[in-house]
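Residue numbers (the numbering used here), protein chains in the order written: chain A, 193 to 356; chain B, 16 to 127. Ideal Cβ placement from N, Cα and C applies to all residues, glycine included.
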Amino acid sequence: MSLTLPLIIQSEAPQKPEEIHDFVISFTDLLCKHIKFLEAKVLANIKLILIEYCTNALKHVANEVNIIQAEFDNQILQLKKIDKAPKFKMGNLILSQDILRNYSFIELDAHSFQFVLKQEYQQKEILLIPEHFGFEIVIRASKKFTYSYQEDTKENIFCATLTF
Amino acid sequence: MKINSVKQDNCLVIYINENEANFSKSDKFKELVFQEIDQGNLNIIISFKEVNYLDSSFLGAVVAILKHLIPLNGKLVLTQLNQDIKNLFELTRLDKVFNIEYDFSEALNVFK
Chain A
193 MSLTLPLIIQ SEAPQKPEEI HDFVISFTDL LCKHIKFLEA KVLANIKLIL
243 IEYCTNALKH VANEVNIIQA EFDNQILQLK KIDKAPKFKM GNLILSQDIL
293 RNYSFIELDA HSFQFVLKQE YQQKEILLIP EHFGFEIVIR ASKKFTYSYQ
343 EDTKENIFCA TLTF
Chain B
16 MKINSVKQDN CLVIYINENE ANFSKSDKFK ELVFQEIDQG NLNIIISFKE
66 VNYLDSSFLG AVVAILKHLI PLNGKLVLTQ LNQDIKNLFE LTRLDKVFNI
116 EYDFSEALNV FK
């Protein structure tokens, strides 16, 4: 892992599922070393986001290099997952009613959108609870969760923003 | 996927003997528990004592198990969750859906 100032921590995502836990512990230990006032609840959310980024990398983009990056500045922490897989398309998810039961998208521009939670109703009917929670966990654990595609570098960037 | 199933009182206790409950094990876990349910074990306790963390795929498998049990009038209790796993259930609001007992003896009491 590398460290520069202002605080940027960057690392390649784990290559194997059994490496996820140690990766998350190492990453959060390094964050805690430099951000002294992290509350337990915030730290818990950071861990959950990192787990989902690693899971996503191994499950869906295993043939590409996946970078996990934390940027901290001015009381804002951005956790990013960056890869060079083909551009992520909303349409792939829109086809899945199960995935989209709890959240949807706001298009920000031609190459970016924000994930947003829908009204919480799922607990009233257990059989309607979705079985896919990856993006939902990141949405709930952050203040803002966005996707953008950088045409110049051909990078997918998922970014979860947490404020302190 | 390593689990250990033990009949205790009038329920089946399933111990997850893995430190990492993630996508590489979730399908097999679901399959193994579905087999137990289909053999007539409708009162189930799942112990997470050995588990360090749960990812979204494994969480989905646990939800699928609950959804499989409900039409059969079965009951599922989750127990011995560490703080990180507890946080995950709270964050997703699934703590309001599942019967979660942090103490194992309390989980057993649910079926008495």
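TODO: Please state if the CB of A/V308 and the CB of A/E240 are separated by a distance shorter than 9 Å.
DONE: First, the amino acid is wrong: residue 240 of chain A is Leu here, not Glu. No, the Cβ-Cβ distance between A/L240 and A/V308 is not below 9 Å.
- [ ] Select from the region 59-87 of chain B all residues with a C-beta closer than 7 Å to any C-beta belonging to chain A, and list them in chain order.
- [x] N67, Y68, D70, S71, S72, L74, G75, V78, A79, L81, K82 and I85
TODO: Report yes or no: is there a C-beta of chain A within less than 9 Å of the C-beta of B/Q95?
DONE: no
TODO: Could you check what DSSP says for A/V234 in three-state terms: helix, strand or coil?
DONE: helix
Task: Neighbourhood of A/I212 by C-beta, 6 Å cutoff - its chain only, sequence neighbours within 5 removed - done: P206 and C246
- [ ] Could you tell me which chain B residues have their CB closer than 7 Å to the CB of A/E328, listed as they occur along the chain?
- [x] T107
Task: Rounded Cβ spacing between A/S304 and A/Y341 (contact assumed at less than 8 Å) - done: 7 Å
- [ ] For chain B, find out if any of its Cβ atoms is closer than 9 Å to the Cβ of A/T247; answer yes or no.
- [x] yes
Open item on the list: Determine, for B/L47, whether the minimum Cβ-Cβ distance to residues of chain A falls below 9 Å.
Closed with: no
TODO: Tell me the start and end of each unbroken beta strand (DSSP E) in the region 254-279 of chain A that is at least 3 residues and wholly inside, in chain order.
DONE: 258-265 and 268-275
- [ ] Quick one: measure Cβ to Cβ for B/D70 and B/F38, integer angstroms, because I've assumed they're closer than 8 Å.
- [x] 6 Å
TODO: For B/E51, I'd like the list of residues in its chain whose CB is within less than 8 Å of its CB, leaving aside the five on either flank, ordered along the chain.
DONE: S20, L27, I29 and I59
TODO: Give the straight-line distance between the Cα atoms of B/Y117 and B/S62, rounded to the nearest whole angstrom.
DONE: 10 Å
- [ ] Identify each residue in the region 19-49 of chain B for which the Cβ-Cβ distance to at least one residue of chain A is less than 9 Å, and report them in chain order.
- [x] N34, E35, N37, F38, S39 and K40
Open item on the list: Please list, in chain order, the residues of the region 251-272 of chain A that have any C-beta partner in chain B closer than 8 Å.
Closed with: K251
- [ ] In the DSSP assignment, find the unbroken beta strand (DSSP E) run with A/A352 in it and report its ends.
- [x] E347 to T355
- [ ] List the residues that DSSP assigns as beta-bridge partners of B/N124.
- [x] In the DSSP output, where bridge partners are listed per residue, B/N124 has none listed.
- [ ] Return the chain-ordered list of same chain residues with a C-beta closer than 8 Å to the C-beta of B/L87, the five sequence neighbours on each side being excluded.
- [x] I52 and L57
Open item on the list: Within 9 Å of any Cβ in chain B, is that where the Cβ of A/R332 sits?
Closed with: yes
- [ ] Rank A/I274, A/I227, A/S218 and A/K233 by C-alpha distance to the C-alpha of A/L250 and give the top, closest one.
- [x] A/I274
Open item on the list: So B/L103 contacts chain A; which residues on that side make the cut at Cβ distance below 8 Å?
Closed with: L240 and I329
Task: Reduced DSSP secondary structure (H/G/I, E/B, other) of A/D301 - done: strand
Task: Cut-off 7 Å between Cβ atoms - residues of its own chain near A/F327, not counting five sequence neighbours on either side - done: Y295 and F307
Open item on the list: Checking the sheet assignment: what are the DSSP bridge partners for A/A333?
Closed with: A/A333 pairs with nothing; no bridge assigned.
TODO: Check each candidate in A/E256, A/T338, A/I318 and A/K279 and name the one with the smallest Cα separation from A/D344.
DONE: A/K279
TODO: State the DSSP-derived secondary structure class of B/F119, mapped to helix, strand or coil.
DONE: helix
- [ ] Would you mind working out which of B/K40, B/R108, B/K45 and B/Q98 sits nearest A/R332, comparing C-alpha positions?
- [x] B/R108
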